[in-house]
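Undergrad: Below are the structure tokens for one structure; questions will follow.
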Amino acid sequence: MIAKSMDIQNNSLLTTIRKLGVNANESYVIFDVKNNFSIIECNDLFCKLTNSTSSQILNKDYFSMLAKEQMSTIEMIKEKVHNGAMVQAKLHHNCFGKPPFWSEIQALPFQNNKGETLFVLLLVKDVTYHQTEDFLNCLEKAMYEAIEKDNPFDKKMNIVCRAINKFFVPYVNSMILIKTEANQFQIYTANGNGSQLSEVSEFNEFYHRAMQEETFFFVENLEEIDIPQEHKKFAYSFNKQSGWFVPIRNQQRQVIGLFAIFHSQYPSDRNFYVKMFQKIESLVALAHTYAKTQKRIWDLAYMDITTGLPNRHSFVNSIEKEKERRQHGFIKILKPSEFHQVVELYGREAGDELLRQIAKRLNDNKHEYNEYIARFTSSSLIISYMTSYEDLTHYDRRIKELIRQPFTISGKQIYITLKTGIASFDKNIKIADAIRFADNALSNAANKPGTHMEVFTKERNDVLEQQMLVLNHLSHALKNKEISVNLQPKVDLRTGEIQSIEALARWTSPTLGFVSPTAFIPVAENAGKVREIDTQILEQVLTWLANRQQLGKKLVKVAVNISPDHFYYPLFVKDVLKLVQKYNIEPSYIILEVTENIGLVDFQTALAIIQELKSYGFNTSVDDFGTGFSSLSYLQRLPFTELKIDRSFINDINDAATLAIVRSIIQLALNLGMTSVAEGIENEEQVEILRALGCTVGQGYFYYKPMSFEHLDAILDA
Numbered sequence: 000m001i002a003k004s005m006d007i008q009n010n011s012l013l014t015t016i017r018k019l020g021v022n023a024n025e026s027y028v029i030f031d032v033k034n035n036f037s038i039i040e041c042n043d044l045f046c047k048l049t050n051s052t053s054s055q056i057l058n059k060d061y062f063s064m065l066a067k068e069q070m071s072t073i074e075m076i077k078e079k080v081h082n083g084a085m086v087q088a089k090l091h092h093n094c095f096g097k098p099p100f101w102s103e104i105q106a107l108p109f110q111n112n113k114g115e116t117l118f119v120l121l122l123v124k125d126v127t128y129h130q131t132e133d134f135l136n137c138l139e140k141a142m143y144e145a146i147e148k149d150n151p152f153d154k155k156m157n158i159v160c161r162a163i164n165k166f167f168v169p170y171v172n173s174m175i176l177i178k179t180e181a182n183q184f185q186i187y188t189a190n191g192n193g194s195q196l197s198e199v200s201e202f203n204e205f206y207h208r209a210m211q212e213e214t215f216f217f218v219e220n221l222e223e224i225d226i227p228q229e230h231k232k233f234a235y236s237f238n239k240q241s242g243w244f245v246p247i248r249n250q251q252r253q254v255i256g257l258f259a260i261f262h263s264q265y266p267s268d269r270n271f272y273v274k275m276f277q278k279i280e281s282l283v284a285l286a287h288t289y290a291k292t293q294k295r296i297w298d299l300a301y302m303d304i305t306t307g308l309p310n311r312h313s314f315v316n317s318i319e320k321e322k323e324r325r326q327h328g329f330i331k332i333l334k335p336s337e338f339h340q341v342v343e344l345y346g347r348e349a350g351d352e353l354l355r356q357i358a359k360r361l362n363d364n365k366h367e368y369n370e371y372i373a374r375f376t377s378s379s380l381i382i383s384y385m386t387s388y389e390d391l392t393h394y395d396r397r398i399k400e401l402i403r404q405p406f407t408i409s410g411k412q413i414y415i416t417l418k419t420g421i422a423s424f425d426k427n428i429k430i431a432d433a434i435r436f437a438d439n440a441l442s443n444a445a446n447k448p449g450t451h452m453e454v455f456t457k458e459r460n461d462v463l464e465q466q467m468l469v470l471n472h473l474s475h476a477l478k479n480k481e482i483s484v485n486l487q488p489k490v491d492l493r494t495g496e497i498q499s500i501e502a503l504a505r506w507t508s509p510t511l512g513f514v515s516p517t518a519f520i521p522v523a524e525n526a527g528k529v530r531e532i533d534t535q536i537l538e539q540v541l542t543w544l545a546n547r548q549q550l551g552k553k554l555v556k557v558a559v560n561i562s563p564d565h566f567y568y569p570l571f572v573k574d575v576l577k578l579v580q581k582y583n584i585e586p587s588y589i590i591l592e593v594t595e596n597i598g599l600v601d602f603q604t605a606l607a608i609i610q611e612l613k614s615y616g617f618n619t620s621v622d623d624f625g626t627g628f629s630s631l632s633y634l635q636r637l638p639f640t641e642l643k644i645d646r647s648f649i650n651d652i653n654d655a656a657t658l659a660i661v662r663s664i665i666q667l668a669l670n671l672g673m674t675s676v677a678e679g680i681e682n683e684e685q686v687e688i689l690r691a692l693g694c695t696v697g698q699g700y701f702y703y704k705p706m707s708f709e710h711l712d713a714i715l716d717a
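Position 546 of the sequence shown, counting from 1, maps to 545 under numbering that gives the first Met the number 0, and the rest follow consecutively.
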């Protein structure tokens, strides 16, 4: 009877898991952890993704579908699902009769009441396209950086080989052969040639034949071809027996060399690799061109090769010269809102084409000869106009007319909206500053709907200057311990007794006076100094608790806000533990508050940190819940002690919709075993509503305002 009951429970659990898989609308498998990870169910999407049938997959060990060279990742996944932890990973996934693809997997383990993992729902997504795009973007960026730094040609080729090897790991090891004027090959690999390979190889018949191929030449067994023996030894040293040989052509379609891609029986998808290596080929060709002639390097440094437009360097150089004569002008930075969607749908070339067409329409509709248009970033154009006054109404009409007709991208007609940031320059404002101001205005315009322009104003500049002023004084403030603490009690809504306390950072500067936390905390986060602020606040709290402990007085839990940057600092838990031990305070008296989005940054790391804090006795709290974009599935897995309801909800609690949200949050906290804390309580009516909803703890001016340690001592000791 017990076995039958367990079967019923397992079937019920499988039904639930199956529903989750179906609702995910993604390819999935369900495997049995207790039965060697054997697949007990998969959907049609997974079969299509892996080019298989369910009969080929069912009862198969799921992990046998992953490359053995990824064993460390496989073992990590197995260990985590055994422990009931959700796992996310990117890895090469095998396919039946097709090349492996880059997959993003999400493993969701399900346990019985004994804490044993029985089944795992595994969602599998093909991210080869995005992984390929990221790989090519990173390689392109690395190549441009190498060119900017004027790195030697061999270093640039090392970058290409390392990138190819990393993308195809563990299947591939690459070599680049470049023709020399002496009719030989110069050899390049990921880490230089070392003692394995000669730097130069003779131009043999097989390589000559491979270079005549239109796309690439595939060889299943290297023993069947005549290439230098040391090249074979190079391949065999990495257990590679097969090869692709891809000709490298320059912009004039002249063959300048060859990719030798040695691999371990990696299935071939001709179209995929042709397109990929065409892009890599263009980078190699570009580097080769730079290496051949310094004049060409200079020319290319001032031209965006993908659009044919002047680039930022050319723009600044030209405008600086114009400014010497005219002095006054405007800078506009123009960005299509839909640029990234165009790139995702049609590729990077489509994004380049969109900018090219926008620039052409701007040039065709140009009324002033002294307007200069260039590419600013990958997704934006920059325009200068040398004048002491510009009619922005005319510019607004011009832009709206420019986008009235659709753009033709990849054979499709698309409509776009444009965002513009505008700033002026004169003899007192440098071009570099005007560009920065226009970029700042563009950031503000990006947050507005439709086609929109923002002009950088003195008020906005004042805000930036104020931020810089705060930053300049912040280091001095930290050094001189100017950051102080105010304490605001949290009370039991039923009894009114102080349940815990929140420590709030305060800064009164000898030079600036009182500086609001809303002003200096963001500046500290951007400057990488917020961890030091968190630590100073915690030390002041621990000093106060230690003094009360020595005097035999009552101790109360104190909550300290922890920034995301500090939370993910590798030594965070160790440092906090060391501090409480230094002051001889039990960790249970410290509540560490983090924002609700902390799990979205790196869920697995966040989970590990919170569990480690819990193991030492620390309490943890989710601050300002409801204002961010946290995932409820993440929240239910993170073992927080406390859930704080943001004050904005309490202020509008008389609104029916807001009341429903607050009720849901309180119920959520109750279901997850957390204490719900309402922030910003200002009147008795709010208290009564919160009590009726089941909220147990509150905080706000209705009870106590933030106060000094001395003031709180008097209240606690009364």
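C-beta atoms are modelled at their ideal positions from N, C-alpha and C, and glycine is treated no differently.
What residue from Tyr-371, Thr-288, Ser-409, Leu-354 has the CA that sits closest to Leu-344's CA?
TA: Within the sequence shown, residue 344 is the residue found at index 345, counting from 1. Looking at the Cα atoms, Ser-409 is the closest of the given residues.
Undergrad: From Ile-736 to Pro-448, what does the alpha carbon distance come to, in whole angstroms?
TA: Past the boundaries of the shown model lies residue 736; the chain is included only from 0 to 717, so the question cannot be answered.
Undergrad: So Ile-29 and Phe-118 are in contact, right, with Cβ under 8 Å, and what is the actual spacing, rounded?
TA: Here residue 29 refers to the residue found at position 30 of the sequence shown. Here residue 118 refers to the residue found at position 119 of the sequence shown. Going by Cβ atoms, the distance from Ile-29 to Phe-118 rounds to 6 Å, so yes, they are a contact pair.
Undergrad: Give me the Cα-Cα distance between Asn-270 and Ile-660, rounded to the nearest whole angstrom.
TA: Taking the first residue of the sequence shown as position 1, residue 270 is located at position 271. Taking the first residue of the sequence shown as position 1, residue 660 is located at position 661. Approximately 52 Å between the Cα atoms of the pair.
Undergrad: If Arg-530 and Asp-564 are in contact, beta carbons under 8 Å, what's the gap, nearest whole angstrom?
TA: As a first step, residue 530 is located in the sequence shown; it is residue number 531 there, counting from the start. As a first step, residue 564 is located in the sequence shown; it is residue number 565 there, counting from the start. That belief holds up - the Cβ atoms of Arg-530 and Asp-564 are roughly 6 Å apart, short of 8 Å.
Undergrad: Starting from Gln-646, trace the alpha helix (DSSP H) both ways and give me its first and last residue.
TA: Working through the sequence shown from its first residue, we reach residue 646 at position 647. Per the sequence presented here, residue 646 reads as Arg, with Gln not at that position. It spans 646 to 650 - the alpha helix (DSSP H) in which Arg-646 sits, taken as one unbroken run.
Undergrad: Can you tell me the Cβ-Cβ gap for Ile-421 and Val-454, rounded? I've got them flagged as a contact below 8 Å.
TA: The residue given as residue 421 occupies position 422 in the sequence shown. The residue given as residue 454 occupies position 455 in the sequence shown. Contact flag correct, Cβ pair sits at about 5 Å.
Undergrad: Can you find a CB in chain C that lies within less than 9 Å of the CB of Gln-340?
TA: As a matter of chain content, chain C is missing from the structure shown, which is built from one protein chain.
Undergrad: What span of residues does the beta strand (DSSP E) with Met-174 cover, start to end?
TA: In the sequence shown, counting from the first residue as 1, residue 174 sits at position 175. Counting along the chain, the beta strand (DSSP E) containing Met-174 begins and ends at 171 to 178.
Undergrad: What residues are listed by DSSP as bridge partners for Ala-502?
TA: The count along the sequence shown starts at 1 and reaches residue 502 at position 503. According to DSSP, Ala-502 bridges with Leu-486, Val-559.
Undergrad: With a Cβ-Cβ cutoff of 9 Å, do Val-575 and Leu-537 count as a contact?
TA: Taking the sequence shown and counting its residues from 1, the one referred to as residue 575 is at position 576. Taking the sequence shown and counting its residues from 1, the one referred to as residue 537 is at position 538. In contact: Val-575 and Leu-537 (Cβ atoms closer than 9 Å).
Undergrad: Which runs of the alpha helix (DSSP H), 4 residues or longer, sit entirely within the region 409 to 484?
TA: Correct list: 430 to 444, 457 to 478.
Undergrad: I'd like to check one pair, Ser-102 with Val-126: are the Cβ atoms closer than 9 Å?
TA: Residue mapping note: residue 126 aligns to position 127 of the sequence shown, counting from 1. Residue mapping note: residue 102 aligns to position 103 of the sequence shown, counting from 1. In contact: Val-126 and Ser-102 (Cβ atoms closer than 9 Å).
Undergrad: Helix, strand or coil: how does DSSP classify Gln-548 here?
TA: Counted from its first residue, the sequence shown places residue 548 at position 549. Three-state result, Gln-548: helix.
Undergrad: At which residues does the alpha helix (DSSP H) containing Gly-672 begin and terminate?
TA: For this step, residue 672 is matched to residue 673 along the sequence shown. Where Gly-672 is concerned, there is no enclosing alpha helix (DSSP H), given that its DSSP letter is neither H nor E.
Undergrad: At what residues does the alpha helix (DSSP H) containing Lys-79 begin and finish?
TA: Within the sequence shown, the letter at position 80 stands for residue 79. Unbroken alpha helix (DSSP H) run through Lys-79: 70 to 81.
Undergrad: As a quick exercise: from Phe-513, Pro-309, Gly-328, pick the residue whose alpha carbon is nearest that of Phe-424.
TA: Taking the sequence shown and counting its residues from 1, one reaches residue 424 at position 425. Ranking Phe-513, Pro-309, Gly-328 by Cα distance to Phe-424 puts Gly-328 first.
Undergrad: Which residues in the same chain have their Cβ closer than 7 Å to the Cβ of Ile-73, if we skip the five residues on either side of it in sequence?
TA: Position 74 of the sequence shown, counted from the first residue, corresponds to residue 73. Correct list, in chain order: Phe-62, Leu-65.
Undergrad: Comparing C-alpha positions only, which one of Asp-390, Phe-648, Thr-376, Glu-370 sits nearest to Ser-383?
TA: Mapped onto the sequence shown, residue 383 falls at position 384. The shortest Cα separation from Ser-383 among Asp-390, Phe-648, Thr-376, Glu-370 belongs to Glu-370.
Undergrad: Alpha carbon to alpha carbon, what distance is there between Ala-209 and Ser-200?
TA: The residue you call residue 200 lines up with position 201 of the sequence shown. The residue you call residue 209 lines up with position 210 of the sequence shown. Each residue's Cα considered, the two are about 15 Å apart.
Undergrad: Could you pull the start and end residues of the beta strand (DSSP E) that Leu-107 belongs to?
TA: Here residue 107 corresponds to residue number 108 of the sequence shown, with the count starting at 1. Taken as a continuous stretch (DSSP letters only), the beta strand (DSSP E) holding Leu-107 covers 97 to 110.
Undergrad: Can you tell me whether DSSP reads Arg-248 as helix, strand or coil?
TA: In the sequence shown, the residue the question calls residue 248 occupies position 249. Looking at Arg-248 - three-state DSSP - the assignment turns out to be strand.
Undergrad: Please name the residue or residues paired with Asp-60 in a DSSP beta bridge.
TA: For the purposes of this step, residue 60 is identified with residue 61 of the sequence shown, where counting begins at 1. Per DSSP, Ser-37.
Undergrad: So, is Gln-250 buried or exposed, given that buried needs 16 or more other C-beta atoms within 10 angstroms?
TA: The count along the sequence shown starts at 1 and reaches residue 250 at position 251. Exposed, since its Cβ has fewer than 16 Cβ neighbours within 10 Å.
Undergrad: What separation, rounded to the nearest whole angstrom, lies between the Cα atoms of Thr-619 and Ile-608?
TA: Taking the sequence shown and counting its residues from 1, one reaches residue 619 at position 620. Taking the sequence shown and counting its residues from 1, one reaches residue 608 at position 609. Answer to the nearest angstrom: the Cα atoms are 11 Å apart.
Undergrad: Within its chain, find whatever has a CB closer than 8 Å to the CB of Val-540; leave out the 5 residues flanking it on each side and keep chain order.
TA: The sequence position of residue 540 within the sequence shown is 541, counting from 1. Here the set comprises Val-484, Ala-502, Val-557, Val-559, Ile-589.
Undergrad: Which residue or residues does DSSP assign as beta-bridge partners of Cys-94?
TA: Stepping through the sequence shown from its first residue, residue 94 is reached at position 95. For Cys-94, which the question treats as bridged, DSSP gives the partners Lys-97.
Undergrad: According to DSSP, is Leu-492 part of a helix, a strand, or is it coil?
TA: Sequence index remark: in the sequence shown, residue 492 carries index 493 (1-based). Coil, per DSSP.
Undergrad: In angstroms, rounded to a whole number, what distance separates the CA positions of Lys-178 and Gly-307?
TA: By 1-based counting over the sequence shown, the position of residue 178 is 179. By 1-based counting over the sequence shown, the position of residue 307 is 308. Using only the alpha carbons, I get a separation of about 28 Å.
Undergrad: Can you tell me the Cα-Cα spacing of Lys-320 and Ile-330, whole angstroms?
TA: The count along the sequence shown starts at 1 and reaches residue 320 at position 321. The count along the sequence shown starts at 1 and reaches residue 330 at position 331. For Lys-320 and Ile-330, the distance between alpha carbons rounds to 15 Å.
Undergrad: Helix, strand or coil: which one does DSSP assign to Gly-512?
TA: Looking up residue 512 in the sequence shown gives position 513. Strand at Gly-512.
Undergrad: I want to know whether the region 505 to 525 touches the region 708 to 715 - three or more CB-CB distances under 8 Å.
TA: No, because fewer than three Cβ pairs between the region 505 to 525 and the region 708 to 715 fall closer than 8 Å, the two stretches do not touch.
Undergrad: Is the beta carbon of Leu-138 sitting closer than 9 Å to the one on Val-171?
TA: Position 139 of the sequence shown, counted from the first residue, corresponds to residue 138. Position 172 of the sequence shown, counted from the first residue, corresponds to residue 171. The answer is no: Cβ separation not under 9 Å.
Undergrad: So which of Phe-338, Lys-704, Asp-533, Asn-164 has the shortest CA-CA distance to Thr-131?
TA: Your numbering for residue 131 matches position 132 in the sequence shown. The shortest C-alpha separation from Thr-131 is found at Asn-164.
Undergrad: For His-451, which option in Thr-392, Asn-50, Gln-356 has the closest C-alpha, if you only look at C-alpha atoms?
TA: In the sequence shown, the residue the question calls residue 451 occupies position 452. Residue Thr-392 is the option with its Cα nearest to His-451.
Undergrad: Is the Cβ-Cβ distance between Gln-722 and Lys-489 less than 9 Å?
TA: Look at the range of the chain in this structure, 0 to 717, and you will see that residue 722 is not part of it.
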